[in-house]
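Chains as they are written, first to last, in our numbering: chain U, 27 to 512; chain D, 88 to 589; chain Z, 16 to 119. Heads up, the beta-carbon is just placed ideally off N, CA and C, and yes, glycines get one too. To start, the structure under review is shown below, and the notes come after it.
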Amino acid sequence: MTAVTEREYEMVVGLEVHVQLKTRTKAFCSCSADFGAPPNTNVCPVCLALPGALPVLNHHAVELAVRAAIALECKVHETSVFARKNYFYPDLPKGYQISQYDKPLAEKGWLTIGELENKTPVRVGITRVHMEEDAGKSVHDRYNGVTAIDLNRAGVPLIEIVSEPDMRSSAEAGAYLRLIKQILSYAGVSDVSMEEGSLRVDANVSARLRGATKLGTKTEIKNVNSFSAVERALDSEFTRQVALLKSGGTVSQQTMLWDGARGETRPSRSKEESHDYRYFPEPDLPPLALDAEWIARVGREIPELPDARRKRLVDEYKITPPDAELLTSSAGFSEYFEAVARASLDPKGAVNWVMGEVSAAVNAAGVHLDEFAVRPADLAELLRMLRDDVVSHTAAKRIFARMVETGKPPVQVAAEEGLQKVDDDSALAGWIDEVLAENPSEAARYRAGETKLQGVLVGLVMKKSKGSADPKKVNQLLPERARGPS
Amino acid sequence: MKAQPARASAAAAKLLAGPLTECVACIREGAAIPADMVSASFDRADEVGAGKDALNIFISTDREGATESAKQLTAHLGRAEPLGNLAGVPVALKDNIATLGMPTTCGSRILEGYVSPYEATVVRRLRANGAVIVGKTNMDEFAMGSSTENSAYGPTRNPVDIRRVPGGSSGGSAAAVAAGIVRLALGSETGGSVRQPASFCGVVGVKPTYGRVSRYGLVAFGSSLDQVGVLGRTVEDASIGMEVISGCDPLDSTSADVPVPRYELEKNAGLKGLVIGKPREYFPDGLDPRIAQECERALDAYRELGATVRDVSLPHTSYSIPVYYIIAPAEASSNLARFDGVRYGLRVLSERGLNGMYEETRARGFGPEVTRRVLLGTYVLSAGYYDAYYKKAQAVRTLIAQDFRDVFASGVDVLFTPTTPTPAFELGAVKDAYEMYLSDIFTASANLAGVPAMSVPIGDAAGLPIGGQIIAPHFGESVMFRAAFGLERALAGNFVPGEQDA
Amino acid sequence: MAVTREDVVKVAKLANIAIDETRLDSLALELNAILGHMDELRKVDTARVQTAEGLGSGGQRLRADYGPPDGLASAPATFAPETRDGFVLVPRLATHEGSPERAP
Ligand SMILES: [Mg+2]
Ligand SMILES: [Zn+2]
Numbered sequence: 027m028t029a030v031t032e033r034e035y036e037m038v039v040g041l042e043v044h045v046q047l048k049t050r051t052k053a054f055c056s057c058s059a060d061f062g063a064p065p066n067t068n069v070c071p072v073c074l075a076l077p078g079a080l081p082v083l084n085h086h087a088v089e090l091a092v093r094a095a096i097a098l099e100c101k102v103h104e105t106s107v108f109a110r111k112n113y114f115y116p117d118l119p120k121g122y123q124i125s126q127y128d129k130p131l132a133e134k135g136w137l138t139i140g141e142l143e144n145k146t147p148v149r150v151g152i153t154r155v156h157m158e159e160d161a162g163k164s165v166h167d168r169y170n171g172v173t174a175i176d177l178n179r180a181g182v183p184l185i186e187i188v189s190e191p192d193m194r195s196s197a198e199a200g201a202y203l204r205l206i207k208q209i210l211s212y213a214g215v216s217d218v219s220m221e222e223g224s225l226r227v228d229a230n231v232s233a234r235l236r237g238a239t240k241l242g243t244k245t246e247i248k249n250v251n252s253f254s255a256v257e258r259a260l261d262s263e264f265t266r267q268v269a270l271l272k273s274g275g276t277v278s279q280q281t282m283l284w285d286g287a288r289g290e291t292r293p294s295r296s297k298e299e300s301h302d303y304r305y306f307p308e309p310d311l312p313p314l315a316l317d318a319e320w321i322a323r324v325g326r327e328i329p330e331l332p333d334a335r336r337k338r339l340v341d342e343y344k345i346t347p348p349d350a351e352l353l354t355s356s357a358g359f360s361e362y363f364e365a366v367a368r369a370s371l372d373p374k375g376a377v378n379w380v381m382g383e384v385s386a387a388v389n390a391a392g393v394h395l396d397e398f399a400v401r402p403a404d405l406a407e408l409l410r411m412l413r414d415d416v417v418s419h420t421a422a423k424r425i426f427a428r429m430v431e432t433g434k435p436p437v438q439v440a441a442e443e444g445l446q447k448v449d450d451d452s453a454l455a456g457w458i459d460e461v462l463a464e465n466p467s468e469a470a471r472y473r474a475g476e477t478k479l480q481g482v483l484v485g486l487v488m489k490k491s492k493g494s495a496d497p498k499k500v501n502q503l504l505p506e507r508a509r510g511p512s
Numbered sequence: 088m089k090a091q092p093a094r095a096s097a098a099a100a101k102l103l104a105g106p107l108t109e110c111v112a113c114i115r116e117g118a119a120i121p122a123d124m125v126s127a128s129f130d131r132a133d134e135v136g137a138g139k140d141a142l143n144i145f146i147s148t149d150r151e152g153a154t155e156s157a158k159q160l161t162a163h164l165g166r167a168e169p170l171g172n173l174a175g176v177p178v179a180l181k182d183n184i185a186t187l188g189m190p191t192t193c194g195s196r197i198l199e200g201y202v203s204p205y206e207a208t209v210v211r212r213l214r215a216n217g218a219v220i221v222g223k224t225n226m227d228e229f230a231m232g233s234s235t236e237n238s239a240y241g242p243t244r245n246p247v248d249i250r251r252v253p254g255g256s257s258g259g260s261a262a263a264v265a266a267g268i269v270r271l272a273l274g275s276e277t278g279g280s281v282r283q284p285a286s287f288c289g290v291v292g293v294k295p296t297y298g299r300v301s302r303y304g305l306v307a308f309g310s311s312l313d314q315v316g317v318l319g320r321t322v323e324d325a326s327i328g329m330e331v332i333s334g335c336d337p338l339d340s341t342s343a344d345v346p347v348p349r350y351e352l353e354k355n356a357g358l359k360g361l362v363i364g365k366p367r368e369y370f371p372d373g374l375d376p377r378i379a380q381e382c383e384r385a386l387d388a389y390r391e392l393g394a395t396v397r398d399v400s401l402p403h404t405s406y407s408i409p410v411y412y413i414i415a416p417a418e419a420s421s422n423l424a425r426f427d428g429v430r431y432g433l434r435v436l437s438e439r440g441l442n443g444m445y446e447e448t449r450a451r452g453f454g455p456e457v458t459r460r461v462l463l464g465t466y467v468l469s470a471g472y473y474d475a476y477y478k479k480a481q482a483v484r485t486l487i488a489q490d491f492r493d494v495f496a497s498g499v500d501v502l503f504t505p506t507t508p509t510p511a512f513e514l515g516a517v518k519d520a521y522e523m524y525l526s527d528i529f530t531a532s533a534n535l536a537g538v539p540a541m542s543v544p545i546g547d548a549a550g551l552p553i554g555g556q557i558i559a560p561h562f563g564e565s566v567m568f569r570a571a572f573g574l575e576r577a578l579a580g581n582f583v584p585g586e587q588d589a
Numbered sequence: 016m017a018v019t020r021e022d023v024v025k026v027a028k029l030a031n032i033a034i035d036e037t038r039l040d041s042l043a044l045e046l047n048a049i050l051g052h053m054d055e056l057r058k059v060d061t062a063r064v065q066t067a068e069g070l071g072s073g074g075q076r077l078r079a080d081y082g083p084p085d086g087l088a089s090a091p092a093t094f095a096p097e098t099r100d101g102f103v104l105v106p107r108l109a110t111h112e113g114s115p116e117r118a119p
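Right, dumping it as structure tokens:
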């Protein structure tokens, strides 16, 4: 990616992030919030907006939203108010979205980016976190001349996280998004996957002369579907704005769509009917009243967040800060690591295996860590076998590969494949004799005192034993077997 | 099935005209058959000319379905669980209440032929108590109107005087009760749409406390004002209907978790010591003298029963109509956005793609009054006007509600007022929109404050029924019914409710 | 605050209702007449009124996160104006008029 080097102007970025909450049912009805059902089957009178149907709020959605807000250091209001955002769109069944407007769930949070990248920390303000419902899905390219509507997703609970315009580069925006994703994933609030649509980003960007205090006119970039696309879109749009300003033009406030294939933003073709959403308090829902004590309890029950976990891993397992950082990039990996480290009493080995073998195998299999065949207890057992010299390092890797395929425990794999370290003299002697017999010239030179051939011959024995021979023992036995039967 | 069904027995016809309790008792004892009650109801409809060419009371009827559910009730007789409090009672529903197996049109073209795939909570409760749904009644389109002239299916006429309107928007339900087709009907209220037609037709109409009755399945007009209400021939009938449909509903976030009292227990309660407030703002100088006179007679009756009548004031009353006609259209403009031709109901295609479809569907689907109110509501919510209209109206609404709280806190048990400023007017007589809105001048305040209120027949002006309104504090339905039972009893000698046409 | 013909056009656009040209002026008049009565409210001092949002101050009742939802007696395909393969169809959005049909 080409970084934008611009001396005169600086980029000002604020982000709006929509995150789907991890609930079983929708925000305002008891329909399943799962993806993948046939079109319009997870629907009911409420989310179809049939005449007369009414919304009832999901308690768990509130709890997850509060958890997210607290994890982002926000002040959660004891009273917040749902509002209707009115606009027509065929996948918005009621003709309004139930959202929150002037009395949102939570406000005034922050997070700090840059610490991980060893840069100057930047504190990014979180303006607000509010709850709302998702719309359905419009499929434009399935049938000729018509748009196909699927309302399975309509009414799924979301939070919208609005940042202050505190970011000054696309890299900072990227760092902010990665951190949000990390925090919300740790807090157990969401799956936060852009690919699966459980995290969506709209970026507001403007350009201003360096040193200026007033914000320039911003545009809103939509249709970005990965973090790197957000960064590229911001750079591209910033470049466009700067060119416009430098040529004496003005930026007009509008929505831009990111065209990833062309690598450019272009104005949204939707008619700019002045967006007048006619917000007003949702009369079907009384104000949301949350008890201060309950809010505090939800806060206390938030699972450990990445920052705290990094520090603890260094303290508790005596691993290096860079290792801790790598491990905590995902909640799942750090939890997996801890389970392995505790059961094996070998934190260093656990770091190496989790970040190496496990990470590679999970990526290759394309599965979630919790669906991964090798459970932490089994990996810990393998590490113990290594430590106790029951298997060689080579054998351990082969055993692990079989565990990934079969999900069997390491002891069983080792037995089935004959991969336990063999230190029984007669077996080793047999392999050594065979190697000596099969390689008569090397054997002769070795016997003649060419001791540097020791390594080659041991290697051949190891190979013959498929890695199960105990190399130490082979080294001991080799000279004596080469001399001939005693 | 075109053959003329057999005329119901005279016994069933007599039961249909009598108190609900008698009908239910006879059915429980097996002395009457639910299917005969259905026949009696349809026979009566024929007899009074309920059809499109005369009173035009129903948008749809379902004789077959009603007969079928009546037969199921009969099959239930003798089983362990007793039949409910409305066993075998024919009931009519306003056509904005979602009903399985019958169309739910809201009196609008945009929902012509729409059959709801789910059922309103109030209808489930009615059916669970043995009620038999005979038809869906005519109404002002989306309940916007005070005369039932704004229906896409033509106006309903007042059974008392066919040249006159039955009031609205629950005009069909009021007319069905007044004409003796059913003893009980459900209507809905946003600003007086049950009480005002009850008054015009000479029947009892009840609007419960906001939150007392589930709105789930009631097609929304003004969500913060809407309540399902009951129209009945007598206070007792209405009280039984209210008991059945009341109670907390997990499907309605605004329904209140407050126990439902047995309203019938108020039937013989005395009125001694009851303090009745007479708010001066509801008795203005220009009040129709015939109405003023009947109200004074009712107040005298109260005094004779041992109640005290006290002059009180609700100073913000005059702002009710302006406040109502900002808040209700604002909410309606949003509530009616779902009628977009996408998922159900009318769809009119246009050359202008999706937006053309929206605009043409809604232009053809909505009648003039609905269009006017949606535009009005959109305007008062739009950028730049929200504070001046909607926000201001909400603030004044708070003051109106405070008036009620103050007056009830001062020791007043219920308020008594006229229900309407005039008796039923002739079809077409009120042409100006705002003049029509003034029909709700005495009723809208109770919706704005969320308090329960009901209209009880108290007399007539040259044969045209006049209703008196009783307003009670939040969840004060019991004392409201006590006052209504007392008044009905006191006036029984010189005025027979619902018998003006006899 | 008189409602102009242009206001009616704008509001009708927001409300997505086609209004006949010939009706615009009369609608402006009608809305003005109604709103004229609303100006009465300006007389009321509401500076110190705490507006309660929605009725029922006890806060909203919440629902547990499990099903099943209130059922449908018939699937959307039985009441929607146009459906295919379970999808509800609408005329293609103006913003996607150029979208090609995806190869099957
Ligand atoms: Mg949003
Ligand atoms: Zn649903």
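* To do: Leaving aside the five residues before and after Tyr476/D along the sequence, list all residues of the same chain whose C-beta is less than 7 Å from its C-beta, in chain order.
  => Ile413, Val467
* **Straight-line gap, Arg33/U to Gly162/U (C-alpha atoms, nearest Å)** => 44 Å
* If Ala571/D and Val543/D are in contact, beta carbons under 8 Å, what's the gap, nearest whole angstrom? -> 5 Å
* Cross-chain neighbours of Pro409/D in chain Z, by beta carbon under 7 Å -> His52, Met53, Glu55, Leu56
* Could you tell me whether any Cβ in chain D is nearer than 9 Å to the Cβ of Arg66/Z? => The question names Arg, but residue 66/Z is Thr in the sequence shown. By this cut-off, Thr66/Z is an interface position.
* **Neighbour flag for Ile184/D against chain U, beta carbons, 9 Å** => yes
* Residues that Arg110/U bridges to, as DSSP identifies them -> Ile124/U, Phe306/U
* Asked: Considering Gly452/D, what are the terminal residues of the alpha helix (DSSP H) in which it resides?
  -> 440-452
* To do: Using beta-carbon positions only, say whether Glu131/U and Ile185/U come within less than 9 Å of one another.
  => Sequence check: residue 131/U is Leu here, not Glu. Yes, the pair counts as a contact, with Cβ atoms nearer than the cut-off.
* In terms of residue numbering, what span does the alpha helix (DSSP H) encompassing Ala325/D cover? -> 322-332
* Asked: Relative to chain U, which residues along the stretch 187-212 of chain D have a C-beta separation below 8 Å, given in chain order?
  -> Thr191, Cys193, Leu198, Tyr201, Ser203, Pro204, Tyr205, Ala207
* Given that Leu83/U touches chain D, what residues does it touch there, using C-beta distances under 9 Å? -> Ser340
* Length of the line joining the Cα atoms of Asp427/D and Lys240/U -> 43 Å
* Using a Cβ-Cβ cut-off of 9 Å, state whether Arg20/Z counts as contacting chain U. => no
* To do: Identify whether Pro416/D lies in helix, strand or coil by the three-state DSSP scheme.
  => helix
* Can you name the start and end residues of the alpha helix (DSSP H) that Ile220/D belongs to? -> Ile220/D -> not in any alpha helix (DSSP H); beta strand (DSSP E) instead, spanning 219-224.
* **Contact list for Phe102/Z against chain D, beta-carbon separation under 8 Å** => Neighbours of Phe102/Z on chain D: none; closest Cβ ~12 Å, over 8 Å.
* Given a threshold of 16 other Cβ atoms within 10 Å of its Cβ, counted over all protein chains shown, does Asn389/U qualify as buried or as exposed? -> exposed
* With distances taken from each beta carbon to the nearest heavy atom of ligand 2, which residues come in below 5 Å, in chain order? -> Cys55/U, Cys57/U, Cys70/U, Val72/U, Cys73/U, Pro84/Z
* Would you please state the rounded distance, in angstroms, between the beta carbons of Val347/D and Gly334/D? I believe it to be under 8 Å. => 5 Å
* To do: For the beta strand (DSSP E) holding Ala540/D, just list the boundary residues, first then last.
  => 540-548
* To do: Compare the C-beta of Pro96/Z against all C-beta atoms of chain D and say whether one is closer than 9 Å.
  => yes
* Neighbourhood of Ile345/U by C-beta distance below 8 Å, restricted to the same chain and skipping five residues each side -> Leu339, Leu353, Pro373, Lys374, Val377
* Asked: With 16 as the cutoff for other CB atoms within 10 Å, does Ala440/U come out buried or exposed?
  -> buried
* Assign Ser58/U to one of three DSSP states: helix, strand, or coil. => strand
* Asked: Which residues of chain D have a Cβ atom closer than 7 Å to the Cβ of Glu45/Z, listed in chain order?
  -> Arg459, Ala520
* Asked: Rounded to the nearest angstrom, how far is the Cβ of Leu47/U from that of Ala95/U, given a contact under 8 Å?
  -> At roughly 12 Å, the Cβ-Cβ gap does not stay under 8 Å, so Leu47/U and Ala95/U are not in contact.
* Between the stretch 43-61 of chain U and the stretch 70-85 of chain U, do three or more beta carbon pairs fall short of 8 Å? -> yes
* Is the CB of Ala75/U under 9 Å away from at least one CB in chain D? -> yes
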